[in-house]
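In what follows, a structure is listed as structure tokens, so that the remarks can point back to it.
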Amino acid sequence: MEPSPLKATLLLITASLGISVPPADFLGSVVLALFGAALGAIWLEHISARERWLSVAAGVFGALLVLIAHEDFKPDWPVQFKAIVAGLIGRYLVAFMLQGAKQVLAQSGRIVSSLLRIRESSDD
Numbered sequence: 005m006e007p008s009p010l011k012a013t014l015l016l017i018t019a020s021l022g023i024s025v026p027p028a029d030f031l032g033s034v035v036l037a038l039f040g041a042a043l044g045a046i047w048l049e050h051i052s053a054r055e056r057w058l059s060v061a062a063g064v065f066g067a068l069l070v071l072i073a074h075e076d077f078k079p080d081w082p083v084q085f086k087a088i089v090a091g092l093i094g095r096y097l098v099a100f101m102l103q104g105a106k107q108v109l110a111q112s113g114r115i116v117s118s119l120l121r122i123r124e125s126s127d128d
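Under this note's numbering, the first residue of the sequence shown carries the number 5, and numbering increases by one thereafter.
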């Protein structure tokens with residue numbers, strides 16, 4: 005008996021990503037990671053809409069990474085629990101990355117001007 009086209013597609017996707025969980029666990033984990041990421045984005049009210057979407061995308065990406073490596077990290081924990089935690093952590097990872105980008109942007113003018121001064125002094 006052949007699997008349905010949807011199940012065959014999910015098996016192909018999970019196998020190509022290196023995910024060894026069944027397709028039902030994969031879909032459930034991605035949905036739970038979306039829930040965790042959305043919950044994490046709602047908790048912080050001071051963020052923009054773009055940051056909310058970035059946090060949801062980071063949560064899903066984090067869940068995919070957890071699904072790939074779930075056997076190496078705490079194999080006795082349920083994969084769905086690890087996906088929810090990855091969704092929640094994705095929000096804070098995005099906040100950390102955006103804060104770092106803001107710091108680099110704030111310092112970029114000073115860095116470029118000092119590099120230009122060094123370049124001018126070496127040309128003389």
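Cβ atoms here follow ideal geometry from the backbone N, Cα and C, with glycine treated the same way.
Using 10 angstroms around the beta-carbon of residue i, count the other beta-carbons present and answer buried if the total reaches 16, otherwise exposed.
i      : result
Ser59  : buried
Pro79  : exposed
Thr13  : exposed
Lys106 : exposed
Pro27  : buried
Val108 : exposed
With H, G and I counted as helix, E and B as strand and the rest as coil, what does DSSP make of residue i?
i     : result
Gly22 : coil
Ala73 : coil
Are the beta-carbon atoms of residue i and residue j separated by less than 9 Å?
i      : j     : result
Leu97  : Ala62 : yes
Gly91  : Ala41 : yes
Gly113 : Gly94 : no
Glu75  : Ser24 : yes
Between residue i and residue j, which are expected to be in contact by the criterion C-beta below 8 Å, what is the C-beta distance as a whole number of angstroms?
i     : j     : result
Leu71 : Val83 : 7 Å
Ala37 : Ala87 : 4 Å
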